[in-house]
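Data first, discussion second: the structure below is written as structure tokens.
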């Protein structure tokens, strides 16, 4: 699946909120929670070499939150990625 299609499909699973503030809080907390789950999965993987599926699942959940944040601000994930790439080029003095 390409990233544009993924972002469009993610809209089908978005939840409804009273207001945008409530939605942003939900997204921020959810993203933080998923990052914590990824941390735990990596810790387990480093000790046991197990948990690859959990790492993959956590990355997918993080991607969903990124898509929803992007949708909220009418940005594409491609735009976010491109912007980030430009920022990193400047930071690390890439040519």
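In this note's numbering, the protein residues as written are 6 to 100.
All C-beta atoms, glycine included, are put in the ideal place defined by N, C-alpha and C.
Worksheet item: Considering only the beta carbon of each residue, do residue 59 and residue 38 sit closer than 9 Å?
Response: no
Practice prompt. State buried or exposed for residue 87, treating a residue as buried only when at least 16 other CB atoms are found within 10 Å of its CB.
Written response: exposed
Discussion item. Quick check: what's the CA-CA separation for residue 92 versus residue 85?
Written reply: 11 Å
Discussion item. On the CB-based measure, 16 or more other CB atoms within 10 Å of its CB, does residue 72 come out buried or exposed?
Written reply: buried
Worksheet item: Could you give the C-beta distance for residue 82 and residue 12, rounded to a whole number, given that I count them as a contact under 8 Å?
Response: 5 Å
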